[in-house]
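Inspection log for the structure reproduced underneath, given as structure tokens.
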Amino acid sequence: MLKQWINQNYLAPEKLSQKFLNNKPFPYLELKDFFIKNKLIQVLKALSKESFYLKDSDLFTFFQTNDLKSTKNKTLHNFRTFLKSKEFGVYLTSITGKNYSDSIDCFGTIYQDTNYLLPHDDQLEKRKLAYFIYLTNLRKQDGGSLCLYKNDFVAAKITPKLNTFAFFEVSKNSLHEVEEVINKRRITITGWFYDQ
Amino acid sequence: MINKIYLNNFEKIKATFQKEGSITFIDFFQEDFFKILQKDVETLNFKKEKNPTAYSYSQANYLFRSKEFSKFVKKLSGRNLRRPIAYLFEWKDYTILNDQIKSKTGVDIVFDLTEYWQPEWGGMIIYSDGEGKYIQITPNRNSLTIIKRRGRKFVKYLNNKSQGRRYILMF
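So the sequence lines, in the order shown, correspond to chains A and B.
Number 155 in our numbering belongs to position 103 of the first sequence; there are no gaps in the numbering.
Number 104 in our numbering belongs to position 62 of the second sequence; there are no gaps in the numbering.
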């Protein structure tokens, strides 16, 4: 199943492990052109037909679908099934060294102009790995970058590019934010992998 | 210096505050007094304060003494006036609800000097009682809000549409 979804350049995950573990300020990876592009475009098309709901609090404003496990769309259903598959779980384990349960969270999100997510660490219950699948291209000046903090300062930035797959290890150190988006739309599929 | 309407209707106002737990006075000070106060605050030497997981704003000390104002607040809410702190909020500023800090119940006194504002720019002060109920103070020039605190509060992130600066005094 890996070959059906992932770009062949990424089929040997062991090579990525060192990079993941050594990245600063905490273990993360940004993998460009990760999925087979045509398939991801189909996912994006399907996602645009889902319903998005406003999420608004002291920490954030953005729009999000329900967990895609409830989708009636076949393309999205298949994509989510792949993400939570044993095969993909083992693939991630060989990068991160951690084992994951077979349940995941998986949402579509849209950040419109002025939407943002302030710095926080994501620690909740058994969340182990936070992931982001970028479905739009943004430039630095458009905002929407994922910023990873070391203490009170931004130590690394991931600028959204269509077909980038990014993930980081959730811990008390994994302080991160999504910069406010300016005059653009930032679309992702995002969620968490869990401890067994 | 306080708008005469409020002095002349004090008993009604007090009854409303006691019933509702919060009250906002529009055009609280007489206009000429407000203009002097506003100019004073806008020219303070603000210092940026930032802790990414809790707040981002600028702050300055301000000396404000007025027997008339102290008396008004004390009679209405029972609270003694403290020396105010002036806050300046601009694009990218915010405060968040913080689980670590359980603010004691008490009375908040917030005076707003923001000249022109749209709610969709952010910057509202939002009081949460922790049970899904919210009270929102929207920026409004020359307005005073007195509110019995039941939970915690935050200032909504000021986004890229916000034009100008949001000034408040917290007593």
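Using N, Cα and C, we set each Cβ at its ideal position, and we do this for glycine too.
Since this is a predicted model, take the numbers as computed values, not measurements.
- Proximity of Tyr169 (chain B) to chain A, defined by a Cβ-Cβ separation below 8 angstroms, is not satisfied.
- Residues of the region 149 to 178 of chain A with a C-beta less than 9 angstroms from any C-beta of chain B: Asp165, Thr166, Asn167, Tyr168, Leu170, Pro171, His172 and Asp173, listed in chain order.
- Within 7 angstroms of the CB of Ile234 (chain A), the CB atoms of chain B belong to Asn202, in sequence order along the chain.
- Pairing Thr166 (chain A) with Leu83 (chain A) gives a Cβ-Cβ distance that is not under 8 angstroms.
- Taking a C-beta distance under 8 angstroms as the contact criterion, Thr66 (chain B) and Thr147 (chain B) do not qualify as a contact pair.
- Using beta-carbon distances, Asn103 (chain B) does not count as an interface residue toward chain A, since no partner is under 8 angstroms.
- For the pair Phe88 (chain B) and Ile44 (chain B), the CB atoms are not nearer than the 8 angstroms cut-off.
- By the 16-neighbour rule on beta-carbons within 10 angstroms, Leu106 (chain A) is exposed.
- Taking the Cα of Lys236 (chain A) as reference, the smallest distance to any Cα among A:Lys138, A:Asn189, A:Leu128 and A:Lys55 is reached at A:Asn189.
- In the same chain as Ser119 (chain B), and ignoring 5 residues on each side of it, the C-beta atoms closer than 6 angstroms to its own belong to Val149 and Ile188, in chain order.
- Going by beta carbons, Asn184 (chain B) and Phe76 (chain B) fall inside the 8 angstroms limit.
- Per DSSP, Thr127 (chain A) is one residue of the alpha helix (DSSP H) stretching across Lys126 to Leu135.
- Within 8 angstroms of the CB of Asp204 (chain A), the CB atoms of chain B belong to Lys92, Asn93 and Pro94, in sequence order along the chain.
- Going by C-alpha positions, Pro161 (chain B) is about 7 angstroms away from Thr180 (chain B).
- Ile138 (chain B) belongs to the set of residues whose beta carbon lies under 8 angstroms from a beta carbon in chain A.
- Within chain B, the C-beta atoms nearer than 8 angstroms to that of Tyr201 (chain A) come from Pro94, in chain order.
- Residue environment analysis places Ala98 (chain A) among the buried positions, since at least 16 neighbouring C-beta atoms fall within 10 angstroms of its C-beta.
- Using a Cβ distance threshold of 8 angstroms, Tyr104 (chain B) and Leu123 (chain B) do not count as a contacting pair.
- Against chain A, the CB of Phe131 (chain B) has no partner CB under 8 angstroms away; the residue lies outside that interface.
- Below the 7 angstroms Cβ cutoff, chain A contributes Tyr168 and Leu170 as neighbours of Tyr199 (chain B), in chain order.
- Rounded to the nearest angstrom, the Cβ distance from Asp154 (chain A) to Leu227 (chain A) is 28 angstroms, too far for a contact under 8 angstroms.
- In terms of Cβ geometry, Phe184 (chain A) and Pro79 (chain A) do not form a close pair [threshold 8 angstroms].
- Under DSSP, Glu66 (chain A) shares a beta bridge with no residue.
- Around the C-beta of Ser98 (chain B), 16 or more other C-beta atoms lie within 10 Å, and the residue is accordingly described as buried.
- Residue contact with chain B for Leu198 (chain A): absent (no Cβ-Cβ distance below 8 angstroms to any residue of chain B).
- Neighbourhood of Leu227 (chain A) in chain B, by CB distance below 9 angstroms: Pro94 and Thr95, in chain order.
- Taking 8 angstroms as the cut-off, the Cβ atoms of Ser170 (chain B) and Arg194 (chain B) count as close.
- For Glu91 (chain B), the enclosing beta strand (DSSP E) covers residues Lys89 to Asn93.
- In this structure Thr242 (chain A) is in contact with Thr161 (chain A), their Cβ atoms being roughly 6 angstroms apart against a cut-off of 8 angstroms.
- The beta carbons of Phe213 (chain B) and Pro126 (chain B) sit closer together than 8 angstroms.
- As computed with DSSP, Trp244 (chain A) is found in a beta bridge with A:Ala182.
- Ile234 (chain A) is not a Cβ neighbour of Leu96 (chain A), given a cutoff of 8 angstroms.
- Within the region 68 to 132 of chain B, the runs of alpha helix (DSSP H) at least 4 residues long that lie entirely inside it are, in chain order, 73 to 84 and 109 to 119.
- Taking the Cβ atoms as the reference, Phe245 (chain A) lies roughly 4 angstroms from Tyr152 (chain A), within the contact range of under 8 angstroms.
- Within the same chain, Met43 come within 8 angstroms of Ser108 (chain B) by CB-CB distance, once the 5 residues on both sides are set aside.
- Contact of Phe196 (chain B) with chain A is assigned, a C-beta pair being separated by under 8 angstroms.
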